[in-house]
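Asker: Have a look at this one before I ask anything.
Numbering (UniProt numbering), first residue to last: 1 to 384.
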């Protein structure tokens, strides 16, 4: 059984109640405080040395500001829900320069960095943070940046591909194909697909990459027609792209193939309304608690959250759990991040492996007529 932090588990049960009313004013922390030459402080401005100093590095201006602010709001909501008065989170804008933001955060005495969102920003700050013994829990999904006190909390495509492939094998599918977009994501998806199918005892009979536009996709599919017939085909792209691609698959040799997808599909609201997508499988974190969280977020902030914002919420749950046994003013106890039993949050159970990448218990969802159903629930425990 999972050895889950009792506070995190309790928080998951009580922080997002089914009725999800916004906290009363007496439950809410003071409004964020802005200090000269400092970031924006989420929560109560500390008056003593009993609070842990945590830095939140996110793009709060520029093209990614909407996502960054949504994650920042989620951390505020988590602090409110946990009533974590022993934690001070200060926001620093990475859009103004990630390295400068990290240097300010370290100079201000922060002992843990939550974020950044982008892998390149993590690379820019990793050396300075490591030298100061300040670990980074990044919201990126780039596994290449993990290690040397950098932990990756984002949704990793290789995990969702492995989960959906293993589900397909359990249903008797043995011959797989894959369509992957050109670029880094496609390359990583290709490697993950080959490894997962091999480990599951199947065969990849065809794999094609494609550029932009339907003509490039059609050309890739025509190359597949000469290969051994495939029973399932992975589309390693967004849900919106999959909706566009599936009719081309049906018209170019994949008439009866099962459609498989990745965690990217979880954010596509039009998926259930697409008749072409019915029967498709994709693996992702569970949405069970997310719906309750989204309702509470809307009530508090007057807008819908980005799906990625739960990473911010869960990182605060993780921090509050560890903070119970962490003395303020001392280095963050990094060994606690590698608890083999893991942690639990809005996105379900997760744990950091030896490589610093978050391993998640994923479910497989099936696209139906206007709905998404659970084809295979998330496992109850982590495999050894």
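The beta carbon of each residue, even a glycine, is placed where N, CA and C say it ideally should be.
Let me check one thing: in DSSP terms, what residues is residue 207 bridge-paired to?
Answerer: 178
Asker: Tell me which residues share the same chain as residue 334 and place their Cβ nearer than 7 Å to its Cβ, disregarding the 5 neighbours each side in the sequence.
Answerer: 135 and 149
Asker: What residue ranges within the region 103–149 form continuous alpha helix (DSSP H) runs of no fewer than 4 residues, ordered along the chain?
Answerer: 119–131
Asker: Should the region 307–323 be called in touch with the region 247–258, which here means at least 3 C-beta pairs below 8 Å?
Answerer: no
Asker: Would DSSP call residue 25 helix, strand or coil?
Answerer: The pLDDT assigned to residue 25 is 28, lower than 50, so where the model puts this residue is not dependable, and the model offers no usable value.
Asker: Going by Cα to Cα distance, which pick from 186, 87, 272 and 59 is closest to residue 321?
Answerer: 87
Asker: Alpha carbon to alpha carbon, what distance is there between residue 350 and residue 191?
Answerer: 23 Å
Asker: Closer than 8 Å by C-beta to residue 124: which residues in its own chain qualify, once you throw out the five before and the five after it? Chain order, please.
Answerer: Once the five neighbours on either side are set aside, the close Cβ partners of residue 124 are 98, 99 and 102.
Asker: I'd like the span of the beta strand (DSSP E) that includes residue 91, first residue to last.
Answerer: 87–93
Asker: Output the distance between the C-alpha atoms of residue 386 and residue 327, rounded to the nearest integer angstrom.
Answerer: Residue 386 lies beyond the stretch modelled for the chain, which goes from 1 to 384, so this question has no answer here.
Asker: Classify residue 60 as buried or exposed, calling it buried when 16 or more other Cβ atoms lie within 10 Å of its own Cβ.
Answerer: buried
Asker: Alpha carbon to alpha carbon, what distance is there between residue 166 and residue 325?
Answerer: 39 Å
Asker: Rounded to whole angstroms, what is the Cα-Cα separation between residue 181 and residue 95?
Answerer: 28 Å
Asker: Taking just the CA atoms, how far does residue 106 sit from residue 278?
Answerer: When rounded, the separation of the alpha-carbon atoms in residue 278 and residue 106 is 50 Å.
Asker: Excluding sequence positions up to five away, which residues of its chain have a Cβ less than 7 Å from the Cβ of residue 274?
Answerer: 243
Asker: Can you tell me the Cα-Cα spacing of residue 237 and residue 262, whole angstroms?
Answerer: 7 Å
Asker: Which first and last residues belong to the alpha helix (DSSP H) in which residue 330 is found?
Answerer: Neither: residue 330 is in no alpha helix (DSSP H) and is coded neither H nor E.
Asker: Can you tell me which residues form a DSSP beta bridge with residue 281?
Answerer: Looking at the DSSP assignment, residue 281 forms a beta bridge with 260 and 366.
Asker: Leaving out five residues on either side along the sequence, give the residues of the same chain with a beta carbon under 7 Å from the beta carbon of residue 5.
Answerer: Note that residue 5 scores a pLDDT of 34, beneath 50, so its modelled location is shaky; the value from the coordinates is reported in the next line. Here the set comprises 321 and 343.
Asker: Given residue 156, which residues of its chain have a CB within under 7 Å of its CB, disregarding the five upstream and five downstream residues?
Answerer: Non-local C-beta neighbours of residue 156 in its own chain, meaning closer than 7 Å and more than five positions away in sequence, comprise 141, 143 and 357, ordered along the chain.
Asker: Would you mind giving the Cβ-Cβ distance between residue 284 and residue 363, rounded to the nearest angstrom? I have them listed as a contact below 8 Å.
Answerer: 7 Å
Asker: Under a Cβ-count criterion, where at least 16 other Cβ atoms within 10 Å of its own Cβ denotes burial, should residue 288 be classed as buried or exposed?
Answerer: Using a 10 angstroms sphere on the CB of residue 288, the tally of other CB atoms stays under 16, which defines it as exposed.
Asker: What does the Cβ neighbour count give for residue 49, buried or exposed, with the cut at 16 atoms within 10 Å?
Answerer: exposed
Asker: How many Å lie between residue 44 and residue 377 at the Cα?
Answerer: Its pLDDT being 43, under 50, residue 44 is placed unreliably by the model, and the measurement read from it follows with that caveat. Rounded to whole angstroms, residue 44 to residue 377 spans 39 Å at the Cα level.
Asker: Among the residues of its own chain, which have a CB less than 6 Å from the CB of residue 264, if the five just before and after it don't count?
Answerer: 238
Asker: If I measure Cβ to Cβ from residue 359 and keep anything under 6 Å in the same chain, skipping five residues before and after, which residues do I get?
Answerer: 351 and 353
Asker: For the region 52–66 against the region 108–120, are there 3 or more C-beta pairs whose distance is under 8 Å?
Answerer: Result yes; three or more Cβ-Cβ pairs closer than 8 Å.
Asker: Taking the alpha-carbon positions, what's the residue 189 to residue 79 distance?
Answerer: 36 Å
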